[in-house]
Each structure stands twice: as C-alpha cells, then as structure tokens.
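Counted the way the numbering used here counts, the sequence shown spans residues -18 to 175. Every residue gets a Cβ at the ideal spot worked out from N, C-alpha and C, and that includes glycine. Being a predicted model, the structure only gives us computed values, none of them experimental. Each remark here refers to the structure printed beneath this line.
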Amino acid sequence: MRFLLFIILIPFSVLAQEPEPLFIGDKAPNFLALDQFENRVSLKERLESGPVVVVFYRGQWCPHCNRHMSQIQDSLQMILDAGASIIAVTPQKREKIEKTMEKSGAKFSIIYDENHRIMDKYKVTFKLSGWKRFIYAFGGININKASGNKDNALPVPATYIIAKDGTVYSSHFNEDYSERMQVIEMLEILGEMQ
-18 MRFLLFIILI
-8 PFSVLAQEPE
2 PLFIGDKAPN
12 FLALDQFENR
22 VSLKERLESG
32 PVVVVFYRGQ
42 WCPHCNRHMS
52 QIQDSLQMIL
62 DAGASIIAVT
72 PQKREKIEKT
82 MEKSGAKFSI
92 IYDENHRIMD
102 KYKVTFKLSG
112 WKRFIYAFGG
122 ININKASGNK
132 DNALPVPATY
142 IIAKDGTVYS
152 SHFNEDYSER
162 MQVIEMLEIL
172 GEMQ
C-alpha cells in the first residue's frame, strides 16, 4: 500500500513548477493589462512618473492577502506622496477582484493576470500539489474556478519595488504565504530612492 501511495504522489511533485525570485538590478519585465476599473496599466508608462511597487497576491479567499491589501490601502497616500504607485497582480477573475476590494478597501490598480502571463514573466508562478488542492477544496477554495484556468497555479506573494529605470531596486520573495513586505519597509525603501 505504501508503494502505491508513493507512485500516486510522484506526478504531483514532478509537475510542480519551481518559482524563483528576480534579483536586485534585474530588469523588471514590462506588462500591459486592464485593471479592475478598465484602465490600461502599463508598467513602462507608470515608471515614467516614478517607482512602482508590484505586489502579487493569491486571492480574496486568502486572509493574509486581504490583510496585506488593506494595509497598503491604509498607507496608499504615503506611498503616492513618496512618488510611487502600486499595481497588484492576481490570478483571480474580475468578479473575485471585486470581493478583494470589498474585504480590503483597496482602490489602487488590481490586474487580473489571465493565464498567469505576468506571474510567469516574474517567475512567481507555482502549481499546487495534489495534497494542497485537497486541503483547499476541503476548505471550499477552488483555485481553477477563481482563475478560469485548469492548472491550479498561484503566485508566491512577492513584492517588487521597481526603479524608474525599470530595474528591481528591492524585493520580498518568500514562499511562506504568511510573510509579506510590510508597508513601513516599502516606505523606507521609497524614501531611499528619492
């Protein structure tokens, strides 16, 4: 029986994609998408006005994500006053983004990353293992239904602060989804950049 269980579990680990961080000084991949307000969001264009904080979050079903988004919203004016803007990227469809807004009060740009193209460019995409899918499903969370995909992909909840020249100035990349770059750290880094 143990041997059979081992065989069943192997494919899930083999199929898992390994995310990897962008490093300080790396060129941040450009992207163009519509946010929840149907506004065209181009990283390249945003950088013309100042640094951009790009935040990847998993979804409205994640309490850590909602708390982080709420903290960013609470300090949004200070981030804007530091000359920066915020773009959040999620694999969740627009109707789920509305739930994030309800839960967190977020009013900054949130992009539905259809088919996780942006996540893939930033190398934050990973695929849930069979065991995690089972646990999430038991909790009523259907990743594929929320994203419209069929591959159980989520982002590492990474944060990248991108300088006007398009390079990564600072980053927070931790596969522990409960760990996020705190807003105070964002503000300190943005202060250094002025």
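Assigned exposure category for residue i - 16 Cβ within 10 Å defines buried
i	result
residue 4	exposed
residue 230	Because residue 230 is not part of the residues shown, which for the chain are -18 to 175, the question remains open.
residue 62	exposed
residue 119	exposed
residue 240	Nothing in the structure corresponds to residue 240, since the chain is present only between -18 and 175.
residue 77	buried
Whether residue i touches residue j by CB criterion (8 Å)
i	j	result
residue 145	residue 40	no
residue 28	residue 147	yes
residue 91	residue 106	no
For residue i, the nearest candidate out of the options (CA to CA)
i	options	result
residue 103	138, 87, 88	138
residue 151	96, 159, 73, 166	166
residue 79	57, 50, 99	50
residue 22	2, 93, 48	93
Through-space distance from residue j to residue i, alpha-carbon basis
i	j	result
residue 87	residue 126	23 Å
residue 36	residue 68	6 Å
residue 65	residue 85	20 Å
residue 140	residue 174	16 Å
residue 96	residue 130	6 Å
residue 170	residue 11	21 Å
residue 134	residue 38	12 Å
residue 74	residue 2	25 Å
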